[in-house]
Amino acid sequence: MDLAFCVVQTTIDDEARAHQMAAALVTQNLAACVQVAEVTSHYVWKGAAARDKEFLLAAKARRADFDAIAAAIRALHTYELPEIIATPVLAGDPAYLDWLRRETER
């Protein structure tokens with residue numbers, strides 16, 4: 000089992016900013032691919048329930064690059080407390096993982 004990779008996700012309420020973040024992560028070779036999808040988020044913020052349209056970014060990346068990815072997201076984010084979490088990739092198609100490895104070399 001190769002645990003070298005993860006999917007880092009964040010959400011933001013601005014579609015243009017979401018695509019700007021995605022492009023920054025890919026062009027800096029911090030992610031091989033970033034998917035952007037519109038979602039509805041339900042959450043509690045400062046004691047009040049909220050529901051907002053947001054854009055979810057899912058970045059396929061190396062686990063070792065998490066800190067750099069988080070810093071890049073924070074630099075472009077507008078939220079006081081952005082979601083920045085990583086889920087390990089437990090398994091994957093070997094050819095896809097080889098591609099991910101090549102595209103995130105620096």
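Residue numbers (numbering that gives the first Met the number 0): 0 to 105. In this text, a Cβ means the ideal position worked out from N, Cα and C, and glycines have one as well. None of the values given here were measured: they were computed from a predicted structure.
Could you check the C-alpha separation between residue i and residue j for me, to the nearest Å?
{"i": "Arg61", "j": "Ala47", "result": "36 Å"}
{"i": "Ala57", "j": "Asp64", "result": "14 Å"}
{"i": "Val38", "j": "Pro87", "result": "22 Å"}
{"i": "Glu69", "j": "Val25", "result": "The displayed chain sequence assigns Ala, not Glu, to residue 69. For Ala69 and Val25, the distance between alpha carbons rounds to 14 Å."}
{"i": "Thr9", "j": "Leu96", "result": "22 Å"}
{"i": "Asp51", "j": "Ala17", "result": "15 Å"}
{"i": "Tyr42", "j": "Ala49", "result": "5 Å"}
{"i": "Met20", "j": "Asp13", "result": "11 Å"}
{"i": "Lys45", "j": "Ile83", "result": "19 Å"}
{"i": "Ala23", "j": "Arg105", "result": "14 Å"}
{"i": "Gly27", "j": "Ser40", "result": "The sequence shown places Gln at residue 27, rather than the Gly named in the question. Gln27 and Ser40: Cα-Cα distance of roughly 28 Å."}
Buried or exposed for residue i, going by 16 or more other Cβ atoms inside 10 Å?
{"i": "Leu2", "result": "exposed"}
{"i": "Lys59", "result": "buried"}
{"i": "Val7", "result": "buried"}
{"i": "Glu53", "result": "buried"}
{"i": "Leu99", "result": "buried"}
My output table needs one value for residue i: the three-state DSSP class, helix, strand or coil.
{"i": "Thr26", "result": "helix"}
{"i": "Glu102", "result": "helix"}
{"i": "His18", "result": "helix"}
{"i": "Ala48", "result": "strand"}
{"i": "Ile83", "result": "coil"}
{"i": "Ala36", "result": "strand"}
Report yes if the C-beta distance between residue i and residue j is below 8 Å; otherwise report no.
{"i": "Ala71", "j": "Leu29", "result": "yes"}
{"i": "Ala36", "j": "Thr103", "result": "no"}
- Message: Contact between the stretch 69-76 and the stretch 87-100 is defined here as three or more beta-carbon pairs at a separation below 8 Å; is this criterion met?
- Response: With a cut-off of 8 Å, the stretch 87-100 and the stretch 69-76 do not count as touching, because too few Cβ pairs lie within range.
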